[in-house]
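One structure is given below, encoded as structure tokens.
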Amino acid sequence: MTLTFAIPDIHGRLDLLEAAIERIIEHSESSPATIVTLGDYVDRGPDSRQVIERLMGWHSEELRLINLKGNHEAMMWEVCNNFAEVGWWIQNGGDQTLMSYGQPSQNNLNIGIVPLAHLQWLANLPLMHVDQHRVFVHAAVDPKIPLDRQTEQTLLWKRYPEGFDLGHDNRHVVHGHHANPDAPIVTRGKTNLDGLAWKTGRLVVGVFEDDQPGGASQFLEIVGPAATLLDPQHQR
Numbered sequence: 052m053t054l055t056f057a058i059p060d061i062h063g064r065l066d067l068l069e070a071a072i073e074r075i076i077e078h079s080e081s082s083p084a085t086i087v088t089l090g091d092y093v094d095r096g097p098d099s100r101q102v103i104e105r106l107m108g109w110h111s112e113e114l115r116l117i118n119l120k121g122n123h124e125a126m127m128w129e130v131c132n133n134f135a136e137v138g139w140w141i142q143n144g145g146d147q148t149l150m151s152y153g154q155p156s157q158n159n160l161n162i163g164i165v166p167l168a169h170l171q172w173l174a175n176l177p178l179m180h181v182d183q184h185r186v187f188v189h190a191a192v193d194p195k196i197p198l199d200r201q202t203e204q205t206l207l208w209k210r211y212p213e214g215f216d217l218g219h220d221n222r223h224v225v226h227g228h229h230a231n232p233d234a235p236i237v238t239r240g241k242t243n244l245d246g247l248a249w250k251t252g253r254l255v256v257g258v259f260e261d262d263q264p265g266g267a268s269q270f271l272e273i274v275g276p277a278a279t280l281l282d283p284q285h286q287r
């Protein structure tokens, strides 16, 4: 039996990411496994640059890492390549990301401070990961459309209506993006893992058995300080 571990929206919380990796290593007991990160590595929390560098520098003989793109990575890339206004990004936590790269204040913002290698990494992130029984994605999939015809807008930005419980055909959908402190939110066809970890300090990692259909076999709960204990300006 092999396992897949799903880590939802980190949003600059390197402490929670490192703690999650430690728990996954312990849980996997040196057996081969897959880690899927569901996007939103940047913005809002204090360590966006450090999170990107941790994921970019990943090396493990046993644990395969698949990093998916989130809407915040798309937003960051668009702004840093002058395809969108910087104010849009700043309103969604981009100021914290720039500060992690050494931007001293919100005055005279310098988006050129982000290394080209980081922007290339963001651009090349896949939009979904599909295995025998599940679809891993940042935001959502449209159950009426084949997986190879899903749009980036759907995969990165869509929000499921309340009570929606469909997966995609026979596959269970595993996603983040829908921040809910009560996560994990599990229904018949999908699992939402996004528990607003950057703010609450509580990160939920889903553990999925690759040969078994449906939802997670268990959840690993990582608990760290709330954002207000890190820095009052992170309250938003």
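Under this note's numbering, think of the first position of the sequence shown as 52, with each following residue one higher. Glycine included, C-beta positions come from ideal geometry on N, C-alpha and C.
(Q) Which same chain residues end up closer than 8 Å to H285 when comparing Cβ atoms and leaving out the 5 residues on each side of it in sequence? (A) As a working note, residue 285 is residue 234 in the sequence shown. Any answer about H285 is weak, because its pLDDT of 42 lies below 50 and its placement is not dependable; what the coordinates show is given next. R95, G96, P97, Q147, W249, K250, A278, T279.
Q. Using DSSP with H/G/I as helix, E/B as strand and the rest coil, what is E104?
A. Stepping through the sequence shown from its first residue, residue 104 is reached at position 53. Looking at E104 - three-state DSSP - the assignment turns out to be helix.
Q.
Please classify M107 as buried or exposed, where buried requires at least 16 neighbouring CB atoms within 10 angstroms.
A. Translated into positions along the sequence shown, residue 107 becomes position 56. Exposed: under 16 other Cβ atoms inside 10 Å.
Q. Hey, how far is the Cα of I162 from the Cα of W208?
A. On the sequence shown, residue 162 is found 111 positions in, with the first residue counted as 1. On the sequence shown, residue 208 is found 157 positions in, with the first residue counted as 1. The straight-line gap from Cα to Cα measures roughly 23 Å.
**Q.** K120 vs L176 beta-carbon contact at 8 Å
**A.** Locating residue 120 in the sequence shown gives position 69, where the first residue counts as 1. Locating residue 176 in the sequence shown gives position 125, where the first residue counts as 1. Yes; because the gap between Cβ atoms is below 8 Å, this pair is in contact.
Q. The alpha helix (DSSP H) spanning T202 covers which residue range?
A. Translated into positions along the sequence shown, residue 202 becomes position 151. Taken as a continuous stretch (DSSP letters only), T202 belongs to no alpha helix (DSSP H), as it is neither H nor E.
Q | Proximity of N231 and G252 at Cβ, strictly below 8 Å | A | Counted from its first residue, the sequence shown places residue 231 at position 180. Counted from its first residue, the sequence shown places residue 252 at position 201. Not in contact: N231 and G252 (Cβ atoms no closer than 8 Å).
Q: Report buried or exposed for W140, applying the criterion of at least 16 other Cβ atoms within 10 angstroms of its Cβ.
A: Residue numbering aside, residue 140 sits at position 89 when the sequence shown is read from its first letter. Buried is the call here.
Q) Terminal residues of the continuous alpha helix (DSSP H) containing R74? A) Position 23 of the sequence shown, counted from the start, is the residue given in the question as residue 74. That run of the alpha helix (DSSP H) goes 65-79.
Q: Ignore the nearest five residues each way along the sequence and tell me which others in N118's own chain have a CB closer than 7 Å to its CB.
A: Reading the sequence shown from its first residue, position 67 is the one you call residue 118. Only T88, L106, L176 meet the Cβ criterion.
Q.
Looking at D262: is its Cβ nearer than 8 Å to the Cβ of M52?
A. Here residue 262 refers to the residue found at position 211 when the sequence shown is read from its first residue. Here residue 52 refers to the residue found at position 1 when the sequence shown is read from its first residue. For D262 and M52, yes; Cβs fall inside 8 Å.
Q) Which of the three DSSP states, helix, strand or coil, is assigned to E162? A) For the purposes of this step, residue 162 is taken as residue 111 along the sequence shown, with counting starting at 1. The identity of residue 162 in the sequence shown is Ile, whereas the question assumes Glu. I162 falls in the helix class under three-state DSSP.
Q. What is the DSSP secondary structure of H123, reduced to helix, strand or coil?
A. Residue numbering aside, residue 123 sits at position 72 when the sequence shown is read from its first letter. Of the three classes helix, strand and coil, the one that applies to H123 here is helix, per DSSP.
Q | Member of A71, D60, H226 whose CA lies at the smallest distance from the CA of M179 | A | Locating residue 179 in the sequence shown gives position 128, where the first residue counts as 1. Looking at the Cα atoms, H226 is the closest of the given residues.
Q. A190 and L206 look like a contact to me (Cβ under 8 Å); what is the Cβ gap, rounded to whole Å?
A. Here residue 190 is taken as the residue at index 139 of the sequence shown, counted from 1. Here residue 206 is taken as the residue at index 155 of the sequence shown, counted from 1. Between L206 and A190 the Cβ distance is about 6 Å, and since that is below 8 Å, they are a contact.
Q) R115 to G266, Cα distance in whole Å? A) Taking the sequence shown and counting its residues from 1, the one referred to as residue 115 is at position 64. Taking the sequence shown and counting its residues from 1, the one referred to as residue 266 is at position 215. Roughly 20 Å separates the two Cα atoms.
Q) Since T148 is in the alpha helix (DSSP H), which residue starts that stretch and which ends it? A) For the purposes of this step, residue 148 is taken as the residue at position 97 of the sequence shown. Segment 146-151, the alpha helix (DSSP H) holding T148.
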